[in-house]
Amino acid sequence: MIKLKRLRRDDSLGPLESVLFLDFIKGLTITMKNLLRKPITTQYPKEKITPPKRFRGKHGHFVYDGTEPPSLQAIQGFMSFEKGKSRCVACYMCQTACPMPTLFRIEAVQMPDGTKKVVRFDMNLLNCLFCGLCVDACPVECLTMSDIHEMAVYRRSQAVIHMDDMEKIGATNAKTVRELPDRIWRNDKERETLWGKVKWNF
Amino acid sequence: MNDMIFTAIVIAVKILVVLAVTLGLGAYLTWYERKFAGHLQARRGPTVVGPFGLLQPLADGLKLMTKAPILPKGIDTKLYYMAIMMALVPAIMLFAVVPFGPSFKIMGHEVKPIVANLNIAILYVFAMGSMAAYGTLFAGWASNSKYAFIGSLRKAALIVSYEVVLGFAALSVILLAGSMNVFDIVDSQIKSGIWYIVYQPISFVLFLFCLLAESGRVPFDIQEAEAELVTGYNVEYGGMKFGIFPLAEWYLNVLALCAIATVLYFGGWSGPHIFGPFSGFIWFLVKTFGLLFFVLWVHWTLPRYQAKDVVEFAWKYLLPISIVNLVATAFFVYFKG
Ligand code: SF4
Ligand code: SF4
Numbered sequence: 004m005i006k007l008k009r010l011r012r013d014d015s016l017g018p019l020e021s022v023l024f025l026d027f028i029k030g031l032t033i034t035m036k037n038l039l040r041k042p043i044t045t046q047y048p049k050e051k052i053t054p055p056k057r058f059r060g061k062h063g064h065f066v067y068d069g070t071e072p073p074s075l076q077a078i079q080g081f082m083s084f085e086k087g088k089s090r091c092v093a094c095y096m097c098q099t100a101c102p103m104p105t106l107f108r109i110e111a112v113q114m115p116d117g118t119k120k121v122v123r124f125d126m127n128l129l130n131c132l133f134c135g136l137c138v139d140a141c142p143v144e145c146l147t148m149s150d151i152h153e154m155a156v157y158r159r160s161q162a163v164i165h166m167d168d169m170e171k172i173g174a175t176n177a178k179t180v181r182e183l184p185d186r187i188w189r190n191d192k193e194r195e196t197l198w199g200k201v202k203w204n205f
Numbered sequence: 002m003n004d005m006i007f008t009a010i011v012i013a014v015k016i017l018v019v020l021a022v023t024l025g026l027g028a029y030l031t032w033y034e035r036k037f038a039g040h041l042q043a044r045r046g047p048t049v050v051g052p053f054g055l056l057q058p059l060a061d062g063l064k065l066m067t068k069a070p071i072l073p074k075g076i077d078t079k080l081y082y083m084a085i086m087m088a089l090v091p092a093i094m095l096f097a098v099v100p101f102g103p104s105f106k107i108m109g110h111e112v113k114p115i116v117a118n119l120n121i122a123i124l125y126v127f128a129m130g131s132m133a134a135y136g137t138l139f140a141g142w143a144s145n146s147k148y149a150f151i152g153s154l155r156k157a158a159l160i161v162s163y164e165v166v167l168g169f170a171a172l173s174v175i176l177l178a179g180s181m182n183v184f185d186i187v188d189s190q191i192k193s194g195i196w197y198i199v200y201q202p203i204s205f206v207l208f209l210f211c212l213l214a215e216s217g218r219v220p221f222d223i224q225e226a227e228a229e230l231v232t233g234y235n236v237e238y239g240g241m242k243f244g245i246f247p248l249a250e251w252y253l254n255v256l257a258l259c260a261i262a263t264v265l266y267f268g269g270w271s272g273p274h275i276f277g278p279f280s281g282f283i284w285f286l287v288k289t290f291g292l293l294f295f296v297l298w299v300h301w302t303l304p305r306y307q308a309k310d311v312v313e314f315a316w317k318y319l320l321p322i323s324i325v326n327l328v329a330t331a332f333f334v335y336f337k338g
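Which chain is which? The protein sequence lines are Y and F, in order. Each residue of the first sequence is one higher than the one before, starting from 4 at the first, in my numbering. Each residue of the second sequence is one higher than the one before, starting from 2 at the first, in my numbering.
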């Protein structure tokens with residue numbers, strides 16, 4: 004049972020409180036405590052916080068490497084996949100789910116043997132709002148989002164990512180993230196230095 | 002003749018020292034305040050430029066000076082420039098009556114570490130405090146902007162109300178000391194061995210409120226209320242022209258008023274002789290910076306009053322209290338002293 008502590012405060016202060024500035028003093032003690040405390044600043048370019056597991060950063064494509072879900076295994080005969088390359092099937096579900104569908108440029112061609120090959124998968128991340136709907140929509144667990152969040156670029160054209168970039172991310176960052184346990188902070192030590200110990204109310 | 006040359010040299014040296022120290026200190030107080038404010042909020046403050054960010058004021062100054070000068074449209078150019086000086090000069094002039102320590106002897110002459118040993122020093126402080134309002138007013142009027150104008154009007158209202166309280170608060174100390182000369186005030190405290198804050202705690206609290214109000218510190222910083230007025234009267238200034246205003250108001254003014262408060266309530270340079278010959282000077286600085294620390298502490302803790310409340314507070318509560326305190330002191334002095 005969670006106990007609620009209700010704070011009540013009258014509009015006017017009591018006579019003792021207003022004469023002796025007790026409320027001022029209360030505020031001043033709080034800041035003084037902070038002054039004696041260690042700063043909690045993360046000095047950004049020098050130190051970086053690891054983003055949480057469900058962080059939605061730069062997009063990636065998981066590659067065709069034998070970890071496919073059954074939905075893909077059922078149709079992989081119709082696709083011309085290569086090992087270590089994107090496992091996208093160009094179903095356009097991600098584009099359909101996206102609130103800003105025009106940021107995708109997906110093209111697929113039919114190979115001479117009748118299989119399908121995805122030749123282009125570009126995303127203009129300037130238009131992306133990192134909602135993650137595209138990831139949820141992907142039926143073959145291809146599209147994913149990694150923990151990469153430092154995405155500043157010098158030109159607008161550099162903000163468009165292509166299939167090879169996404170394959171790289173899928174094979175590295177996104178893969179590490181996928182293998183993590185599903186929790187906010189990767190390790191408790193890091194979290195506790197920032198936010199203190201959390202007591203769960205089970 | 003020899004005497005006159007000596008006096009002239011001494012005064013010139015005093016002025017130079019006071020100018021150099023106060024302006025340098027003013028610049029470094031920005032560093033101190035940022036560091037302090039940072040740690041009050043569990044941040045770090047400046048750390049990058051130099052060790053502990055100690056070169057930050059220089060970097061800031063350089064940055065402000067190299068900014069492109071921008072003049073807003075429709076300003077009153079003469080007043081616009083004059084306002085800067087009108088803000089800075091009274092703040093520096095306040096230091097003329099700050100006694101930095103006990104008098105000492107150089108080559109048989111008695112030298113007092115004060116630029117102008119006026120016999121109406123406290124009155125002079127009030128005068129300069131009111132003069133500072135003109136800088137703000139001119140800045141607000143000349144820059145042809147509603148934010149600046151509202152800010153300067155607020156500051157004018159604030160100064161008018163708090164000058165009165167400041168006067169009455171300091172008057173009770175003057176009654177006790179029987180003089181307006183800063184040296185006499187300190188001497189009488191040293192002689193009786195009791196600082197005036199013991200006799201006049203109420204007056205000290207009132208003085209502190211006025212100090213905060215006059216120098217535009219929280220909780221009375223309605224003239225620059227960032228949330229509603231952007232930054233108040235200096236919003237249309239840029240570069241070093243902007244830098245002067247906070248320097249004058251937030252640092253020099255506060256420092257000078259803290260020094261005056263030290264003289265009035267904390268016995269100036271009195272204190273045990275534990276630092277050798279410079280003991281007096283060091284005690285004075287320690288007390289002044291102690292007060293300054295408190296002012297910054299309050300500034301970075303409390304929220305801001307509403308504009309109407311600030312002036313109401315002064316006229317309805319502080320002024321009656323200060324008058325009652327003054328009358329009580331007068332009776333005390335008449336019957337006991
Ligand atoms: S994260 Fe949202 S906005 Fe970005 S591509 Fe995916 S669905 Fe579209
Ligand atoms: S939903 Fe998945 S498989 Fe379909 S086009 Fe998008 S990334 Fe490729």
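Backbone N, C-alpha and C fix where the C-beta goes; we use that ideal spot for every residue, glycine too.
Item: Looking at the strands, I want to know which residues DSSP matches up with Phe246 (chain F).; Value: Looking at the DSSP assignment, Phe246 (chain F) forms no beta bridge with any residue, so it has no partner.
Item: Beta-carbon within less than 6 Å of Ala1 (chain F)'s beta-carbon, same chain only, minus the 5 sequence neighbours each way: which residues are those?; Value: Residue 1 (chain F) lies beyond the stretch modelled for chain F, which goes from 2 to 338, so this question has no answer here.
Item: Taking only the alpha-carbon atoms, compute the straight-line gap between Arg59 (chain Y) and Thr48 (chain F) and give it to the nearest angstrom.; Value: 31 Å
Item: State the DSSP-derived secondary structure class of Gly63 (chain Y), mapped to helix, strand or coil.; Value: strand
Item: Thinking just about the alpha-carbon of each residue, which of F:Phe221, F:Val187, F:Ser173 is nearest to the one in Ala158 (chain F)?; Value: F:Phe221
Item: Between Phe27 (chain Y) and Leu213 (chain F), is the Cβ-Cβ spacing less than 9 Å?; Value: no
Item: Chain F partners of Ile28 (chain Y), CB-CB under 7 Å?; Value: Within 7 Å Cβ-Cβ: nothing; Ile28 (chain Y) doesn't reach chain F, min ~10 Å.
Item: When you check each C-beta in the region 294 to 310 of chain F against every C-beta of chain Y, which residues fall closer than 8 Å?; Value: Trp298, Val299, Trp301, Thr302, Leu303
Item: I'd like to know whether the C-beta of Leu25 (chain Y) is nearer than 9 Å to at least one C-beta of chain A.; Value: Chain labels in this structure do not include chain A; the protein chains are Y and F.
Item: Exposed or buried, Phe107 (chain Y), counting other C-beta atoms within 10 Å across all chains shown (16 or more means buried)?; Value: buried
Item: Sorted by chain position, which residues of the same chain lie with C-beta nearer than 8 Å to Ser189 (chain F)'s C-beta, five sequence neighbours on each side aside?; Value: Leu177, Ala178, Gly179, Ser180
Item: Residue ranges of each alpha helix (DSSP H) run of no fewer than 4 residues wholly in the region 68 to 152 of chain F, ordered along the chain?; Value: 78 to 94, 122 to 143
Item: Would Lys51 (chain Y) pass as an interface residue toward chain F - the criterion being a Cβ-Cβ separation below 9 Å?; Value: no
Item: Considering only C-alpha positions, which residue in the set F:Gly268, F:Gly240, F:Ala143, F:Thr289 is nearest to Lys64 (chain F)?; Value: F:Gly240
Item: Would you call Pro103 (chain F) buried or exposed, if buried means 16 or more other Cβ atoms sit within 10 Å of its Cβ?; Value: buried
Item: Quick one: list the residues of chain Y neighbouring His40 (chain F), beta-carbon separation under 9 Å, in chain order.; Value: Asn37, Leu38, Leu39, Arg40, Pro42
Item: For chain Y, check one thing: does any of its Cβ atoms lie closer than 9 Å to the Cβ of Ala43 (chain F)?; Value: yes
Item: Against chain Y, does Phe37 (chain F) count as a neighbour if the rule is that its beta carbon must be under 9 Å from one of theirs?; Value: yes
Item: Are the region 58 to 73 of chain Y and the region 56 to 70 of chain F in contact at 8 Å, needing three or more beta carbon pairs?; Value: no
Item: Note down, in chain order, every chain F residue with its Cβ under 7 Å from the Cβ of Thr45 (chain Y).; Value: Result: empty, since nearest Cβ-Cβ is about 10 Å, beyond 7 Å.
Item: Kindly say whether Leu31 (chain Y), judged by its beta-carbon, lies nearer than 9 Å to any beta-carbon of chain F.; Value: yes
Item: Using C-beta distances below 7 Å, list every residue in its chain close to Met82 (chain Y), excluding the 5 sequence neighbours before and after it, in chain order.; Value: Val92, Thr118, Lys119
Item: Which value, in whole angstroms, describes the spacing of the CA atoms of Val334 (chain F) and Tyr200 (chain F)?; Value: 11 Å
Item: Taking a Cβ distance cut-off of 8 Å, strictly less, list which residues of the region 67 to 79 of chain Y are near chain F, in chain order.; Value: none
Item: Are there any heavy atoms of ligand 2 lying less than 8 Å away from the beta-carbon of Val121 (chain Y), as far as the coordinates show?; Value: yes
Item: Answer with yes or no whether the minimum CB distance from Thr99 (chain Y) to chain F is below 9 Å.; Value: no
Item: I'd like to know if Thr179 (chain Y) contacts chain F, where contact means its C-beta is closer than 9 Å to some C-beta of that chain.; Value: no
Item: To the nearest whole angstrom, what separates the beta carbons of Trp142 (chain F) and Leu230 (chain F), a pair I think is in contact under 8 Å?; Value: At roughly 15 Å, the Cβ-Cβ gap does not stay under 8 Å, so Trp142 (chain F) and Leu230 (chain F) are not in contact.
Item: What is the C-beta distance between Leu320 (chain F) and Val165 (chain F), in whole angstroms, given that I count them as a contact (C-beta under 8 Å)?; Value: 6 Å
Item: Could you name the residues of the same chain whose beta carbon sits closer than 6 Å to that of Tyr306 (chain F), not counting the 5 residues immediately before and after it, in chain order?; Value: Pro220
Item: Quick check: the region 82 to 95 of chain F against the region 123 to 136 of chain F, are there 3 or more CB pairs under 8 Å?; Value: yes
Item: By DSSP's criteria, Asn127 (chain Y) is part of a beta bridge. Which residues make up the other side?; Value: Y:Val163
Item: Helix, strand or coil for Ala77 (chain Y) per DSSP?; Value: coil
Item: Taking Cβ positions, are Leu258 (chain F) and Ile186 (chain F) nearer each other than 9 Å?; Value: no
Item: Quick check on DSSP: helix, strand or coil for Thr105 (chain Y)?; Value: helix
Item: Which residue wins for smallest C-alpha separation from Phe243 (chain F), given the options F:Ala84, F:Trp32, F:Arg44?; Value: F:Ala84
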